[in-house]
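Residue numbers (my numbering): 7 to 580. Take a look at the structure set out below.
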RNA sequence: UGCCCGAUGGUGUAAUGGCAACACACUUGGUUUUGGUCCAAGCAUUCUAGGUUCGAGUCCUAGUCGGGCAACCA
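In structure tokens:
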């Protein structure tokens with residue numbers, strides 16, 4: 007075949023490494039990854055990318071992916087987080103089967119390995135204080151100086167380390183250090199701490215241990231024990247790779263390969279655990295699963311689908327370049343899916359009453375047929391009741407509309423979706439000048455939304471019959487921050503200064519078409535012309551439904567308005 | 001002023017020494033009973049300077065800029 011138009015599927019740099027390894031028969035071509043969260047917080051969208059990468063690679067190569075909790079610091083870790091992390095990984099659509107592990111499972115093995123290194127003369131007990139050790143480590147430009155305890159005998163080290171384990175010392179009295187190179191240009195190789203004394207109960211091992219291994223002495227060996235072939239982590243561990251390899255080599259155990267990639271950064275989003283915690287604790291959001299949070303549980307409650315997050319993650323790609331991904335890509339991934347799958351409904355968020363003056367007072371029930379999803383005819387149709395009094399969106403009427411406004415205004419005719427053409431001939435204002443009611447006439451000949459005489463209207467509005475409406479609360483969300491980079495603050499400012507005061511708008515007077523009274527929890531609906539919505543899993547009840555706006559529909563009218571506003575402002579400034 | 005890593009449209013990625021491609025965003029136009037969807041068009045001196053080569057986004061050297069590293073955190 008001379009068909010050269012077939013494009014090779016592009017592979018990212020990690021797949022390239024794996025392909026090479028498999029071609030060379032390394033590990034018999036086996037691919038085994040792991041997702042290793044520390045159970046000290048909730049998973050966020052950045053973790054989602056790592057989960058998709060690790061589980062995705064395993065799937066792709068017919069391998070396995072473990073879930074392993076990196077629980078080496080009892081001071082910070084809690085069972086509450088373990089449970090939420092498992093729930094989130096499962097929700098994203100991944101399965102670790104019987105491979106649920108904890109670094110704490112390996113504490114005894116790790117201890118034995120530490121003893122081995124002491125015996126080999128590769129580790130020593132240092133009895134200096136934290137401050138002294140820090141000082142003697144030197145700086146990035148100045149080499150460190152050896153601790154006075156660096157040359158202790160093997161016997162003395164063994165004795166001291168055992169007594170550390172036996173709980174004879176208080177926190178901070180001694181540490182176990184690897185004996186590597188105090189002059190190394192790589193700071194992590196300057197005799198890193200392997201074990202510290204922490205007289206604290208562990209969420210799994212209880213009071214069994216009072217010394218705990220550091221990340222560097224636990225992670226690589228945990229990978230090794232589990233037979234991990236490709237240990238994927240983020241860029242900030244690049245400097246740790248020589249140490250990762252050093253421990254494995256000195257111990258003479260199975261050698262996984264650490265590979266670093268760039269973590270996900272999203273516009274209008276913070277993902278630092280510390281900052282997320284601060285948002286929750288200071289009440290800037292209502293908990294970890296607040297739909298404005300970039301946590302996985304936040305996205306879930308907001309109405310995001312696992313598949314949209316997986317697709318986003320895949321399309322964002324894997325590189326070593328530390329960039330910022332546009333939040334619009336995640337929104338696009340969701341819209342693309344929901345456009346195909348979400349059933350359409352009509353709902354009015356900011357109601358404006360409309361009286362159809364020529365509609366009969368005593369009309370029989372007037373049921374109109376509405377398509378559930380024009381993108382998927384199999385979803386069928388439903389009936390929507392029409393009546394003399396209806397609600398439309400306040401935004402859909404202007405007393406003095408500009409030329410390109412296609413909606414309702416005095417003397418204008420529009421279509422009510424699936425219903426009738428109506429013409430506005432009067433409106434009522436309250437004492438404050440707000441428009442509170444419209445008087446319109448309808449054309450009975452246009453029932454269903456088409457004019458037999460062929461006349462056209464520019465605008466089509468959604469509507470809800472007043473007497474049939476289901477009342478609901480609707481929560482409309484916007485970016486949590488006003489700046490693309492929330493950390494971009496003027497001198498002396500704080501990142502929280504960039505919090506968007508309008509990130510949550512609660513609409514308490516929404517009117518929904520009757521069928522939404524039976525809305526299913528966990529199902530996404532498109533409210534026509536508005537966006538995608540779902541029932542709130544926490545606050546919604548049968549008597550008082552609460553909907554979250556997951557994401558808006560694209561709105562080229564709103565964009566046009568914004569443009570014009572900006573133009574006006576520009577002229578004023580100029 | 002040490003070491004490590006990186007640099008391709010506004011953004012994220014592709015091109016594996018041979019015509020810089022895709023997606024998102026943005027702009028313009030078309031279709032439309034959702035100002036949605038869909039369709040079409042527009043949008044780049046591949047950070048700089050040298051070098052290797054018939055040929056460099058890709059390889060080499062130097063520079064510039066950006067990120068990471070001096071927790072008994074992970």
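Cβ coordinates follow ideal geometry from the N, Cα and C atoms, glycine included.
Top-ranked residue by Cα proximity to residue i, from the options
{"i": "residue 470", "options": "62, 306 and 398", "result": "398"}
{"i": "residue 44", "options": "384, 304 and 91", "result": "91"}
{"i": "residue 186", "options": "384, 249 and 229", "result": "249"}
{"i": "residue 113", "options": "125, 183, 194 and 225", "result": "225"}
{"i": "residue 335", "options": "323, 329 and 318", "result": "318"}
{"i": "residue 255", "options": "230, 276 and 274", "result": "230"}
{"i": "residue 76", "options": "408, 265, 208 and 414", "result": "208"}
{"i": "residue 173", "options": "216, 146, 303 and 164", "result": "216"}
{"i": "residue 211", "options": "509, 111, 551 and 28", "result": "111"}
{"i": "residue 198", "options": "242, 139, 295 and 160", "result": "139"}
{"i": "residue 240", "options": "52, 473 and 228", "result": "52"}
{"i": "residue 191", "options": "503, 160 and 246", "result": "246"}
{"i": "residue 121", "options": "171, 89 and 87", "result": "171"}
{"i": "residue 511", "options": "415, 556 and 55", "result": "556"}
{"i": "residue 466", "options": "263, 503, 411 and 550", "result": "411"}
{"i": "residue 16", "options": "142, 104 and 324", "result": "324"}
{"i": "residue 303", "options": "544, 66, 396 and 572", "result": "544"}
{"i": "residue 306", "options": "257, 542, 448 and 546", "result": "542"}
{"i": "residue 264", "options": "279, 235, 273 and 282", "result": "235"}
{"i": "residue 59", "options": "372, 420, 266 and 480", "result": "266"}
{"i": "residue 485", "options": "300, 568 and 514", "result": "300"}
{"i": "residue 156", "options": "175, 134 and 144", "result": "134"}
{"i": "residue 162", "options": "402, 124, 550 and 137", "result": "124"}
{"i": "residue 119", "options": "524, 258 and 539", "result": "258"}
{"i": "residue 360", "options": "473, 312 and 437", "result": "473"}
{"i": "residue 284", "options": "495, 550, 565 and 500", "result": "500"}
{"i": "residue 321", "options": "180, 62, 37 and 30", "result": "62"}
{"i": "residue 406", "options": "21, 433 and 462", "result": "433"}
{"i": "residue 563", "options": "338, 178, 409 and 64", "result": "409"}
{"i": "residue 446", "options": "479, 396 and 482", "result": "396"}
Residues near residue i in its chain [Cβ-Cβ closer than 6 Å; skip 5 each side]
{"i": "residue 579", "result": "Confidence in residue 579 is poor, its pLDDT being 39 and thus under 50, which makes the residue's placement unreliable; the coordinate value appears in the next sentence. Counting only Cβ-Cβ distances below 6 Å, and skipping sequence neighbours, we find nothing."}
{"i": "residue 394", "result": "362 and 365"}
{"i": "residue 42", "result": "74 and 76"}
{"i": "residue 458", "result": "451"}
{"i": "residue 577", "result": "Note on residue 577: pLDDT 49, under 50, position unreliable in the model; the coordinate value appears next. Nothing meets the Cβ criterion."}
{"i": "residue 143", "result": "150 and 196"}
{"i": "residue 315", "result": "54"}
Enclosing beta strand (DSSP E) for residue i [first to last residue]
{"i": "residue 4", "result": "Residue 4 falls outside the range modelled here, since the chain spans only 7 to 580, and no answer is possible."}
{"i": "residue 38", "result": "38-41"}
{"i": "residue 398", "result": "395-399"}
{"i": "residue 554", "result": "552-558"}
{"i": "residue 161", "result": "Note, residue 161: premise wrong, no beta strand (DSSP E); alpha helix (DSSP H) at 160-171."}
{"i": "residue 515", "result": "510-518"}
{"i": "residue 479", "result": "476-483"}
{"i": "residue 201", "result": "199-203"}
{"i": "residue 149", "result": "Unbroken run through residue 149: none, as it is neither H nor E."}
{"i": "residue 212", "result": "That residue, residue 212, is in no beta strand (DSSP E); it is neither H nor E in DSSP."}
Own chain, CB closer than 7 Å to residue i, minus 5 neighbours either side, in chain order
{"i": "residue 7", "result": "A caution first: residue 7 carries a pLDDT of 32, below 50, which makes its placement in the model unreliable, though a value can still be read off. If we look at residue 7 and ignore the five residues flanking it on each side, it has no Cβ neighbours."}
{"i": "residue 341", "result": "557"}
Range of the contiguous alpha helix (DSSP H) that encloses residue i
{"i": "residue 2", "result": "Nothing about residue 2 can be reported from this structure: the residues present for the chain run from 7 to 580 only."}
{"i": "residue 225", "result": "221-231"}
{"i": "residue 336", "result": "333-347"}
{"i": "residue 27", "result": "19-29"}
C-beta atoms of residue i and residue j nearer than 7 Å
{"i": "residue 188", "j": "residue 154", "result": "no"}
{"i": "residue 476", "j": "residue 522", "result": "yes"}
{"i": "residue 353", "j": "residue 487", "result": "no"}
{"i": "residue 388", "j": "residue 369", "result": "no"}
{"i": "residue 298", "j": "residue 509", "result": "yes"}
{"i": "residue 519", "j": "residue 504", "result": "no"}
{"i": "residue 330", "j": "residue 273", "result": "yes"}
{"i": "residue 206", "j": "residue 81", "result": "yes"}
{"i": "residue 421", "j": "residue 468", "result": "no"}
{"i": "residue 349", "j": "residue 379", "result": "yes"}
{"i": "residue 427", "j": "residue 401", "result": "no"}
{"i": "residue 430", "j": "residue 418", "result": "yes"}
{"i": "residue 28", "j": "residue 72", "result": "no"}
Contacts around residue i, its chain only, beta-carbon distance under 8 Å, and the 5 residues preceding and following it disregarded
{"i": "residue 435", "result": "441 and 442"}
{"i": "residue 374", "result": "389, 390, 391, 392, 424, 425, 453 and 454"}
Threshold first: 3 residues or longer. Then list the beta strand (DSSP E) segments lying entirely within the region 408-470, N to C.
419-422, 427-435 and 441-448
Which runs of the beta strand (DSSP E) fall wholly inside the region 47-128 and span at least 3 residues, in chain order?
70-75 and 106-108
Mind listing, in chain order, the continuous beta strand (DSSP E) runs of no fewer than 3 residues lying wholly within the region 260-322?
263-267
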